[in-house]
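In this text, residue positions in the sequence shown follow UniProt numbering: the first is 1, and each later residue adds one.
Beneath this line is the structure, given in structure tokens, with notes to follow.
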Amino acid sequence: MEEIRKISAPVSAEKPLWYVFLLMAIGLASEAWGFVLIKKGLLQHPPAGPFLSGSHLAAVFFQLVSTPLVLLGTALEALHFGVLMELLSFGEVSFIIPLTSVGYVLTPLTALFLLHETIPPERWAGIVLVCAGVFVLLRYKTPS
Numbered sequence: 001m002e003e004i005r006k007i008s009a010p011v012s013a014e015k016p017l018w019y020v021f022l023l024m025a026i027g028l029a030s031e032a033w034g035f036v037l038i039k040k041g042l043l044q045h046p047p048a049g050p051f052l053s054g055s056h057l058a059a060v061f062f063q064l065v066s067t068p069l070v071l072l073g074t075a076l077e078a079l080h081f082g083v084l085m086e087l088l089s090f091g092e093v094s095f096i097i098p099l100t101s102v103g104y105v106l107t108p109l110t111a112l113f114l115l116h117e118t119i120p121p122e123r124w125a126g127i128v129l130v131c132a133g134v135f136v137l138l139r140y141k142t143p144s
């Protein structure tokens with residue numbers, strides 16, 4: 001029981017811990033899949049010109065919004081943002097935002113399997129450090 005108190009201290013008492021972790025899982029999965037689907041859509045239908053070029057902006061915009069994978073990825077990113085707003089409505093910013101760094105693990109894994117990206121050992125080392133930081137966050141409660 002002491003472990004649960006340590007973990008749940010930075011969130012409102014009326015929200016059960018399982019709810020926090022369920023929301024976090026939904027948000028992080030939607031973030032990882034959203035990024036990868038946007039990338040996959042851009043690979044299938046590369047924009048016709050520079051993104052921020054004034055004369056091509058409208059054409060590029062309409063090309064992107066007519067690409068199903070880009071639209072689905074954007075919808076998943078919007079879901080991630082909504083989940084993040086819910087989490088921030090009752091949790092401490094100094095707890096919730098660093099906890100979202102687990103996305104730095106899920107996104108490369110998703111890219112590895114869906115986009116077949118090569119991830120060098122140095123990048124994996126950085127991902128391991130992020131995991132260690134999240135573990136430290138979960139292990140110790142905020143001082144009162």
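Ideal Cβ placement from N, Cα and C applies to all residues, glycine included.
Coil, strand or helix - Glu86 by DSSP: helix
Inter-residue CB distance, Leu137 and Pro98 (contact presumed, cutoff 8 Å): 5 Å
Cβ distance (whole Å) where Gly91 is taken to contact Phe35 below 8 Å: Incorrect: roughly 23 Å between the Cβ atoms, too far for contact.
Spatial distance of Ala58 from Ser66 (CA atoms): 12 Å
Close-in-space but distant-in-sequence residues of the same chain around Glu122 (CB under 8 Å, 5 per side omitted): none
6 Å CB neighbourhood of Lys15 in its chain, flanking five on each side removed: Phe90
Buried versus exposed, by CB contacts within 10 Å (16 or more), Ala32: buried
Cα-Cα separation between Gln44 and His116, rounded to whole angstroms: 15 Å
Under 8 Å between C-beta atoms of Val128 and Leu87: no
Proximity winner among Val83, Leu64, Leu71 and Trp124, relative to Met24 (alpha-carbon distances): Val83
Residue burial classification, Thr110 (beta-carbon count within 10 angstroms, cutoff 16): buried
Inter-residue CB distance, Val102 and Leu22 (contact presumed, cutoff 8 Å): Contact flag wrong, Cβ pair sits at about 14 Å.
As assigned by DSSP and simplified to three states, the class of Thr67: coil
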